[in-house]
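Peer 1: One structure follows; several queries about it will come next.
2 protein chains.
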Amino acid sequence: MFTILLADDEERIRRLVSDFLRRDGYVVLQAADGGQAMELIDQRLNSIDLIILDVMMPVYDGWSVLRHIRSKNKDVPVMMLTARTEDTDEVFGFDLGADDYITKPFSPIVLSARVRAIEKRRHQHDEGIYQSGALSINEVRREVCVEGKTVELTPKEYELLIYFKNNQSIAASRENILNAVWGYDYFGDLRTVDTHVKKLRAKLGPCGTMIETVRGFGYRFEGAKT
Amino acid sequence: MFTILLADDEERIRRLVSDFLRRDGYVVLQAADGGQAMELIDQRLNSIDLIILDVMMPVYDGWSVLRHIRSKNKDVPVMMLTARTEDTDEVFGFDLGADDYITKPFSPIVLSARVRAIEKRRHQHDEGIYQSGALSINEVRREVCVEGKTVELTPKEYELLIYFKNNQSIAASRENILNAVWGYDYFGDLRTVDTHVKKLRAKLGPCGTMIETVRGFGYRFEGAKT
DNA sequence: AATTATGTGAACACAGTGTGACAGATTTGC
DNA sequence: GCAAATCTGTCACACTGTGTTCACATAATT
C-alpha cells in the first residue's frame, strides 16, 4: 500500500488528482489548507509515503509545511505544486528538501508519472525485501511479516520459506527441498518436509495457502496474484 | 511464428518498419491509430508476441493503449516509439510496463535489433512450456491448462500426458506406454492404460480428442494442426 | 450376426497427505 | 555448567485421493 497526502486549496484540483491517483491504486488523503496538512502530518506521518503540497495555501503555505516535515527529520518524499513563475521558487524548494517540483497547470498524467517515479525510487531502496500480497520477507533483518505483523519462525522454517521464495512457481519435490534446505548429505525421512510445511503454513496464517500441495510430487510456492 | 502488432499513424513509417520486420521473418499486424490498436488487442492479444506503439496517435495515444494492455494483466512485451523529448516520458513508459523505448527518428536496423533481443528474452522465458492449440503444459510448475484454465491431474495422468507429449504423432502400443510410464518391471493389466486414457481425455475436455485411438494397437497423440 | 476391441462406471485396496504427540537434540537464560 | 525452553525429526493415526481391476456397454471389424 502506498499512501499519498495531497494538500491543495482548490477543490477541483484535489478531486481531479486524487481520482487519477486512486485509479492507479494509491490511497489518497486530502487536506484543503496548510493547517489541515499539518494536522494530518502530525497524526500519521509514519503511514504516509508521499506528500504533494501546493505552495499557495491558506493558513500555512507549502514551504512552511515542508519546513515542518523536515524539522521532524522524516525523509518522506515531498512534491511541490506551484504556479509558473521564476526559477527561484524551484531552487528554493529543492533547498528545503523537496524531491520533485511540478508547475501549474499540469496534466494529471505527468503528475502520476512523477509519482510512479518516486514510488519506484523508494521501492528500489527496499532492495532485499521480498513482498507478495500480505507476506513480506526481509532477509537482511531475517524477519518475516504477514499483514504487517512479525511472525516468529524457527531457523528451519525460515530457511524453508526462503527456499520457497527463491523457487516461486516451481513444483518442488520433497527430495529437492530436502537437498536444498537440509543439505545433500542428509538422509532423513522425506516426510519431515511435510511436518515443517505444516508448521510453516500455520505460522503464515492467511499466507499459508501460498504453499500449494502438488499431490504425488511435492509442493509449490505461489506468489500472490496481482 | 512470432507476431508483431505495429501501431503508428504515419503510413510511411508503418510500411518501412513492417517491410523490414517481414524480411526478418516476423508476421506484422498494422494499426493506424490507437483505436485500431485497441481493437486488434481485444480480438487477438493471445496470438500477439510483441506490440510496438507510437506514443503520438489519434483516438488513443500510446500510453493509453499500453495501460489498456497492462490492465488485461498480459505480460506481452511492448516497445514504445516517441519523439525525443524530456526523460519524464521515458520514466513514465517504463513505469507503465513498457519493455523498450525507441526515440524517433530511428533506423530500422536498430529497431529490428531490439525486436530480436526481445524475442530472445521471451523464448528463453518460455523454456519448458509446451503449447499446442488450447492445451499448454508447464513442466516446471507441473501444471496443465486447457483454454487457459488449470486442470488438476493425478500423478499417473500427468505422467501419461507427458509421455504422449514427448511422443507426438507416434502410434504407441499399450505395452510401450506401460513400460514408459509405469516402468519396465511393472506387470499389470494392459487395459489399465485404457482407463487412464479415458480419465485423461475427460479431464482435457476439448483437448481430449488429441489422444486418438489406434484400433488394435494402442493410442496416438496428435498436436493441434497449425 | 458374430466377434473382437475399446469406452465407461463402480468397487476396493492402498498410497499420499495433514495432523498431533513425543523423544532426542539444540539453544537459551541464568 | 546446568536447567529450562525450544527446536527438530520421526512416528502413528485418520482421512482423502488414487490406481487397478472387473464387468458390462458400446463401437468397429469380419
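Residue numbers (our numbering), protein chains in the order written: chain A, 1 to 226; chain B, 227 to 452. Built from N, CA and C at the ideal position, the CB exists for glycine as well. If you're wondering where the values come from, they're calculated on a predicted model, not measured in any experiment.
Going along chain B in order, which residues have a C-beta closer than 8 Å to the C-beta of arginine 12 of chain A?
Peer 2: Chain B residues near arginine 12 of chain A: none, gap ~23 Å exceeds 8 Å.
Peer 1: Along the beta strand (DSSP E) that carries phenylalanine 447 of chain B, what are the first and last residues, could you check?
Peer 2: Per DSSP, phenylalanine 447 of chain B belongs to the beta strand (DSSP E) from 444-447.
Peer 1: With a threshold of 7 Å on Cβ separation, who are the neighbours of glutamate 119 of chain A within its own chain once the five nearest residues in sequence on each side are excluded?
Peer 2: Once the five neighbours on either side are set aside, the close Cβ partners of glutamate 119 of chain A are Phe2.
Peer 1: Thinking C-alpha only, which one of A:Asp33, A:Val59 and A:Ala7 is nearest isoleucine 48 of chain A?
Peer 2: Ranking the options by Cα distance to isoleucine 48 of chain A, first place goes to A:Ala7.
Peer 1: Can you grab the Cα-Cα spacing for the pair asparagine 138 of chain A / leucine 160 of chain A, in whole Å?
Peer 2: Going by the C-alpha atoms only, they are around 15 Å apart.
Peer 1: Would a check of beta-carbon distances place valine 341 of chain B closer than 8 Å to chain A?
Peer 2: No, its Cβ sits nowhere closer than 8 Å to a Cβ of chain A.
Peer 1: Is the Cβ of serine 169 of chain A closer than 8 Å to any Cβ of chain B?
Peer 2: Answer yes: the Cβ-Cβ gap between serine 169 of chain A and chain B drops below 8 Å somewhere.
Peer 1: Measure how close the beta-carbons of leucine 217 of chain A and arginine 368 of chain B come, nearest whole angstrom, since I'm counting them as under 8 Å.
Peer 2: For the record, residue 217 of chain A in the displayed sequence is phenylalanine; it is not leucine. Phenylalanine 217 of chain A to arginine 368 of chain B, Cβ: 6 Å. Contact.
Peer 1: Using the Cα positions of valine 281 of chain B and arginine 70 of chain A, report the straight-line distance between them to the nearest angstrom.
Peer 2: Taking the straight line from one Cα to the other gives about 39 Å.
Peer 1: Spell out the partners DSSP gives alanine 172 of chain A in its beta bridges.
Peer 2: Its beta-bridge partners are A:Tyr219.
Peer 1: Please confirm whether proline 381 of chain B has its beta-carbon closer than 8 Å to some beta-carbon of chain A.
Peer 2: Answer yes: the Cβ-Cβ gap between proline 381 of chain B and chain A drops below 8 Å somewhere.
Peer 1: With DSSP collapsed to three states, give me the class of threonine 154 of chain A.
Peer 2: Three-state DSSP puts threonine 154 of chain A in coil, outside helix and strand.
Peer 1: Going by Cα to Cα distance, which pick from B:Ser358, B:Gly251 and B:Val372 is closest to serine 338 of chain B?
Peer 2: Considering only alpha carbons, the answer is B:Gly251.
Peer 1: Looking at the secondary structure, which residues open and close the beta strand (DSSP E) in which threonine 213 of chain A lies?
Peer 2: Run containing threonine 213 of chain A: 211-214, per the beta strand (DSSP E) assignment.
Peer 1: Identify the contact partners of arginine 296 of chain B in chain A, using a Cβ-Cβ distance below 9 Å as the criterion.
Peer 2: Ordered by position in chain A, no residue passes the 9 Å Cβ test against arginine 296 of chain B, which lies about 11 Å from the chain.
Peer 1: Grouping DSSP H, G and I as helix and E and B as strand, with all else coil, what is glutamate 240 of chain A?
Peer 2: Residue 240 of chain A lies beyond the stretch modelled for chain A, which goes from 1 to 226, so this question has no answer here.
Peer 1: DSSP beta-bridge partners for valine 253 of chain B?
Peer 2: Beta-bridge pairing links valine 253 of chain B to B:Thr229.
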